[in-house]
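For the sequence shown, the numbering used here gives the first residue as 8, with consecutive numbering after it.
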Amino acid sequence: MKKLFISLIALLFGVLTLYAQITVSASIDSVQLFIGQQTKLSLQATQPQGHILQFPHFSDSVVTNLELVSTLPSDTLQLDNGLLQVTNSYIVTSFDSALVFMPGFEITDGVDTYITNPLSLKIHDMPIDTTQQAITDIKMMNMKGGFVLSDYEEQ
């Protein structure tokens with residue numbers, strides 16, 4: 008009976024140690040962008056070998072005001088302690104000036120759900136200085152019929 012109890016305790020600690028080794032995190036290359044600029048969003052998980060984790064799948068946007076440009080191939084690195092480090096990266100952009108808040112992303116193994124750290128990204132609009140460059144009228148087209156090459160020559 009005592010051997011069975013010790014075996015169960017050892018098995019329980021082994022299982023807890025296995026799950027305690029899974030860590031997840033999120034990072035972003037830039038915390039400030041201009042409208043239309045792109046940056047890389049990375050979701051990273053450290054896990055035991057043979058453990059399968061499911062990362063989030065984004066179709067066209069990651070969160071409100073943050074568009075998905077492309078999904079990069081997964082990167083897997085074997086660490087010295089026998090763990091695997093899996094990184095999924097995404098190229099993202101925004102076309103609206105805003106402070107974009109990204110709550111923790113969910114990474115699951117089918118049983119447990121692991122949540123990354125939250126991130127934020129400030130999107131700035133492009134400053135336009137109208138004092139340095141005057142606003143001019145659009146050149147009127149020749150309405151008499153057809154196009155004349157001289158209409159498009161620099162003057």
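Glycine included, every Cβ here is placed at the ideal spot set by N, Cα and C.
Can you tell which of the options has its C-alpha closest to the C-alpha of residue i?
i     : options                          : result
Phe62 : Asp119, Leu86, Asp87 and Phe108  : Asp119
Leu73 : Leu86, Asp116 and Leu48          : Leu48
Ser34 : His131, Leu86, Lys129 and Leu50  : Leu50
Thr83 : Gly89, Val93 and Ser77           : Val93
Asn88 : Gly111, Glu113, Pro55 and Asp132 : Pro55
Ile42 : Asp132, Glu113 and Ser77         : Asp132
Gln39 : Gln85, Ser81 and Phe108          : Phe108
Ser28 : Tyr121, Asp136 and Pro125        : According to the sequence provided, residue 28 is Gln. The question's Ser does not apply to it. Comparing Cα positions, the closest option is Tyr121.
From residue i to residue j, what distance separates their C-alpha atoms?
i      : j      : result
Leu91  : Thr30  : 11 Å
Pro134 : Thr46  : 20 Å
Ser37  : Ile130 : 10 Å
Leu79  : Asn95  : 7 Å
Thr71  : Glu161 : 44 Å
Pro110 : Gly57  : 28 Å
Ser32  : Gln139 : 45 Å
Gln44  : Pro125 : 21 Å
Ala105 : Ser81  : 29 Å
Gln85  : Thr123 : 21 Å
Ser127 : Asp103 : 15 Å
Tyr159 : Phe112 : 53 Å
Thr137 : Leu156 : 31 Å
Just list the residues that DSSP pairs residue i with in beta bridges.
i      : result
Phe51  : Position check: residue 51 holds Gln in this sequence, whereas Phe was assumed. Note: Gln51 sits in a beta bridge opposite Ser32 and Thr94.
His131 : Phe41
Asp82  : Thr94
Glu160 : None; Glu160 has no bridge partner.
Phe108 : Ser127
Ser68  : Glu74
Thr138 : For Thr138, which the question treats as bridged, DSSP gives no partner whatsoever.
Gln56  : Note: Gln56 sits in no beta bridge, so no partner.
Under 8 Å Cβ to Cβ from residue i, same chain only, skipping five residues before and after it: list those, please.
i     : result
Leu75 : Phe65, Ser66, Asp67, Ser68, Val69, Tyr97, Ile98 and Val99
Ile59 : Asp116 and Gly117
Tyr26 : Because Tyr26 sits at a pLDDT of 47, beneath the cut-off of 50, its placement in the model cannot be relied upon, and the following sentence gives the value as read from the coordinates. Contacts found: Asp119.
Starting from the C-beta of residue i, find all residues in its chain whose C-beta is less than 6 Å away, skip the five residues before and the five after it, and write them out in chain order.
i      : result
Ser101 : Asn72, Leu73 and Ile130
Thr53  : Thr30, Leu90 and Gln92
Ile114 : Val31, Ala52, Leu60, Phe62 and Tyr121
Ser77  : Ile98
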